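Asks:
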Amino acid sequence: MAAVHIRNVPDETVALLKKRAADEGRSLEAELRIVLDHAAYEAGRRGSILDEIIQSDAPGDWEFSREDEYADRGL
């Protein structure tokens, strides 16, 4: 497994993470692993959902032109 070292974390952030870890009965290290895992999962999930939307065969005409966009405005 890789090791990660993060510098310049605000004291308040560390204190809040330590409290969160203690509230859950975990060490700070275990809590940070969970936070990082969750962040990585959510980032991957957003990317995969966007990919699904882009690659979907959703009905509709997705071609737009300036003329179509402004036709009813007389511009």
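So in the UniProt record's numbering the end of the sequence shown lands on 75, straight run, no missing numbers.
Even for Gly, the Cβ is constructed at its ideal location relative to N, Cα and C.
Predicted model only: the values in this text are computed from it and were never measured.
(1) So, with DSSP's three-state summary, where would you put Val14?
(2) With a threshold of 8 Å, are at least 3 pairs of Cβ atoms found where one atom belongs to the stretch 27–34 and the other to the stretch 1–18?
(3) When the Cα of Ala2 is compared with those of Glu67, Leu36, Ala22, which residue comes out closest?
(4) With Leu28 and Ala21 assumed to form a contact (beta carbons below 8 Å), what rounded beta-carbon distance in angstroms separates them?
(5) My output table needs one value for Ser27: the three-state DSSP class, helix, strand or coil.
(6) Taking 9 Å as the CB-CB cut-off, is Lys19 touching chain D?
Replies: This is what the structure holds:
(1) Counting from 1 along the sequence shown, the entry for residue 14 is found at position 14. Val14 falls in the helix class under three-state DSSP.
(2) yes
(3) For the purposes of this step, residue 2 is identified with residue 2 of the sequence shown, where counting begins at 1. Checked all of Glu67, Leu36, Ala22; the closest Cα to Ala2 is Leu36.
(4) Reading the sequence shown from its first residue, position 28 is the one you call residue 28. Reading the sequence shown from its first residue, position 21 is the one you call residue 21. Indeed, because the Cβ distance is near 5 Å, the residues count as touching under 8 Å.
(5) To locate residue 27, count along the sequence shown from 1; it is residue 27. If DSSP states are grouped into helix, strand and coil, Ser27 belongs with coil.
(6) Note that chain D does not occur in the displayed structure, where there is just one protein chain.
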